[in-house]
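>
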Amino acid sequence: MKKTNQESLQRTIDSGLENLSTDEIRAMIDRETAKAPDEIDMDYIDLCFALLTAKENGQGSKKIRLKKPVKILLAAAIAAALLVSVITVSGALHLNIPESVAKLENGNAEVDTALENADTTADSYQLTDTSLAGQLAEMGISPVTFPEVITKNDCAIISVENITNTANISTDALVQFTYQDIPGTLLIEQFRSDSSFRGEQHIIVNILSGKTVKANGMDILVFEREDDCILEYKDRNTLYTVYLDGDLNAAVKFAKSIR
1 MKKTNQESLQ RTIDSGLENL STDEIRAMID RETAKAPDEI DMDYIDLCFA LLTAKENGQG
61 SKKIRLKKPV KILLAAAIAA ALLVSVITVS GALHLNIPES VAKLENGNAE VDTALENADT
121 TADSYQLTDT SLAGQLAEMG ISPVTFPEVI TKNDCAIISV ENITNTANIS TDALVQFTYQ
181 DIPGTLLIEQ FRSDSSFRGE QHIIVNILSG KTVKANGMDI LVFEREDDCI LEYKDRNTLY
241 TVYLDGDLNA AVKFAKSIR
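Residue numbers (the UniProt record's numbering): 1 to 259.
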């Protein structure tokens with residue numbers, strides 16, 4: 001924030017600016033506070049408020065003096081307003097996901113693992129005849145709904161592993177693939193109970209942006225990071241997480257192909 005010489009301000013007061021109307025003075029304040037934070041002249045704003053106070057109290061210019069406490073309170077108020085503005089814009093630009101589902105905290109996303117406030121019921125299961133769905137069914141994971149892109153010619157499945165640790169809680173599978181030479185991973189966790197993860201949260205760090213994509217009746221959360229993207233969604237008691245070393249466009253394409 002800029003500062004103005006105190007004597008210069010007092011000369012401005014004595015030059016007859018007190019003849020301005022209260023509306024004109026308020027307009028001067030509005031114009032100054034509309035500037036970028038580092039361009040705002042706090043002393044100038046303090047002067048305007050002093051003039052406004054004097055005008056409303058019927059004081060002459062000789063009685064107007066800049067008071068430090070007023071300036072401090074004003075600076076705090078403007079700083080608070082700027083902070084709210086930055087937070088609001090940041091949320092709007094970087095995480096276009098309802099706050100009840102995921103919140104942006106210091107560049108990280110806090111995600112409700114249960115996705116209780118998202119759509120979490122698939123409309124259909126169109127990929128049950130694919131080889132991947134068959135392998136997952138053999139592990140006990142069925143029905144499944146995943147990106148159809150994984151089954152296409154420009155995508156190669158490298159491995160499908162059963163990584164279950166605690167069978168009485170969930171059955172877990174890890175699918176590794178490449179999409180146009182871009183590495184990717186699909187993690188599927190099918191829980192015994194839909195309430196297994198209710199009330200839990202997990203963190204996705206270093207988020208650049210986030211959005212919700214609607215596919216197959218479900219809300220697909222898409223998070224963009226510097227070097228990769230993450231997709232998260234849930235169908236009843238099954239959680240899906242896709243890691244893709246691609247850009248946001250590729251991630252959205254994956255999300256929209258979920259069948």
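The beta-carbon is built from N, C-alpha and C at its ideal position, and this holds for glycine as well.
#1: Could you pull out every unbroken alpha helix (DSSP H) segment of at least 4 residues lying fully inside the region 130–215, listed in chain order?
#2: Across which residues does DSSP place residue 262 in a beta bridge pair?
#3: Over the uninterrupted beta strand (DSSP E) stretch that includes Ala102, give me the two end residues.
#4: Can you tell me where the beta strand (DSSP E) holding Asp112 begins and where it ends?
#5: What residue does the beta strand (DSSP E) around Glu39 start on, and which one ends it?
#6: Exposed or buried, Ala251, counting other C-beta atoms within 10 Å across all chains shown (16 or more means buried)?
#7: Please report the straight-line C-alpha distance between Gly134 and Thr128, rounded to a whole angstrom.
#8: With three or more beta-carbon pairs closer than 8 Å as the criterion, would you say the region 181–196 touches the region 234–244?
#9: Can you tell me which of the three DSSP states Glu224 falls into?
#10: Going by DSSP, what residues sit across from Met218 in a beta bridge?
#11: Grab the span of the beta strand (DSSP E) containing Ile230 for me, first residue to last.
#12: Whole angstroms is fine: what's the gap from Ser90's alpha carbon to Asn96's?
#13: From what residue to what residue does the beta strand (DSSP E) around Leu127 run?
#14: Short of 6 Å in beta carbon distance, which residues of its chain neighbour Ala92, apart from the five on each side in sequence? Order them along the chain.
#15: Are the Cβ atoms of Asp119 and Val101 separated by less than 8 Å?
#16: Please confirm whether Ala253 and Val149 have their CB atoms less than 8 Å apart.
#17: On the premise that Ile204 lies in contact with Ile230, defined as a C-beta separation below 8 Å, what is that separation, rounded to the nearest angstrom?
#18: Assuming residue 260 and Asn237 form a contact by the criterion Cβ under 8 Å, report the distance between their Cβ atoms to the nearest whole angstrom.
#19: Ignore the nearest five residues each way along the sequence and tell me which others in Ile141's own chain have a CB closer than 7 Å to its CB.
The answer reads as follows:
#1: 131–138
#2: Lying outside 1 to 259, the shown extent of the chain, residue 262 is not represented and no answer is given.
#3: Here residue 102 is taken as the residue at index 102 of the sequence shown, counted from 1. 102–105 is the extent of the beta strand (DSSP E) around Ala102.
#4: The residue given as residue 112 occupies position 112 in the sequence shown. Residues 108–112.
#5: For the purposes of this step, residue 39 is taken as residue 39 along the sequence shown, with counting starting at 1. Note, Glu39: premise wrong, no beta strand (DSSP E); not H, not E.
#6: For the purposes of this step, residue 251 is taken as the residue at position 251 of the sequence shown. Label assigned to Ala251: buried.
#7: Within the sequence shown, the letter at position 134 stands for residue 134. Within the sequence shown, the letter at position 128 stands for residue 128. Straight-line Cα distance between these residues: approximately 7 Å.
#8: yes
#9: Taking the first residue of the sequence shown as position 1, residue 224 is located at position 224. DSSP places Glu224 in strand when its eight states are reduced to three.
#10: Working through the sequence shown from its first residue, we reach residue 218 at position 218. According to DSSP, Met218 bridges with Ala215.
#11: Within the sequence shown, the letter at position 230 stands for residue 230. Ile230 -> beta strand (DSSP E) spans 229–235.
#12: The sequence position of residue 90 within the sequence shown is 90, counting from 1. The sequence position of residue 96 within the sequence shown is 96, counting from 1. Because the pLDDT of Ser90 is 41, which lies under 50, any placement of that residue in the model is unreliable, and the question is left without a value.
#13: For this step, residue 127 is matched to residue 127 along the sequence shown. Neither: Leu127 is in no beta strand (DSSP E) and is coded neither H nor E.
#14: Residue mapping note: residue 92 aligns to position 92 of the sequence shown, counting from 1. Note that Ala92 scores 43 on pLDDT, short of 50, meaning its location in the model is unreliable and no value can be drawn from it.
#15: By one-based count along the sequence shown, residue 119 stands at place 119. By one-based count along the sequence shown, residue 101 stands at place 101. The answer is no: Cβ separation not under 8 Å.
#16: Taking the first residue of the sequence shown as 1, we reach residue 253 at position 253. Taking the first residue of the sequence shown as 1, we reach residue 149 at position 149. Looking at the sequence provided, one finds Lys at residue 253 rather than Ala. Yes.
#17: Position 230 of the sequence shown, counted from the start, is the residue given in the question as residue 230. Position 204 of the sequence shown, counted from the start, is the residue given in the question as residue 204. With a Cβ gap of about 6 Å, Ile230 and Ile204 count as contacting.
#18: Since the first residue shown for the chain is 1 and the last is 259, residue 260 is missing from the structure and cannot be characterised.
#19: Indexing the sequence shown from 1 puts residue 141 at position 141. If we look at Ile141 and ignore the five residues flanking it on each side, its Cβ neighbours are Thr171, Ala173, Ile188, Gln190.
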